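The structure appears right after this line, and notes come after that.
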Amino acid sequence: MTDQDQNGSHMKDLVANLIQYKCSNLLKHDYIEVFITPILKV
1 MTDQDQNGSH
11 MKDLVANLIQ
21 YKCSNLLKHD
31 YIEVFITPIL
41 KV
């Protein structure tokens, strides 16, 4: 889980790259998903 800013997006990509490199079988069976929450200003 990462923040929805530029750094969080970069960290999400790095973690996805690490998972693809170390545990690529998790990506083949759809065990990992991305959940994007909306940003609201109130």
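Here the numbering used here is used: position 7 in the sequence shown is 7, and no number is missing along the way. Ideal Cβ positions, reconstructed from N, Cα and C, are used throughout, including at glycine. Given the structure is predicted, the values throughout are model-derived calculations rather than measurements.
Compute the Euclidean distance between the alpha carbons of Leu-18 and Thr-37, then round it to the nearest angstrom. Approximately 23 angstroms, taken between the alpha carbons.
Entirely within the region 6 to 37 and at least 4 residues each: give me those alpha helix (DSSP H) ranges in chain order. Runs of the alpha helix (DSSP H) lying entirely within the region 6 to 37 and spanning at least 4 residues, in chain order: 6 to 22, 24 to 28.
Based on Cα-Cα distance, which residue from Leu-40, Lys-41, Ile-32 lies nearest to Asp-13? Closest in alpha carbon position to Asp-13, among Leu-40, Lys-41, Ile-32, is Ile-32.
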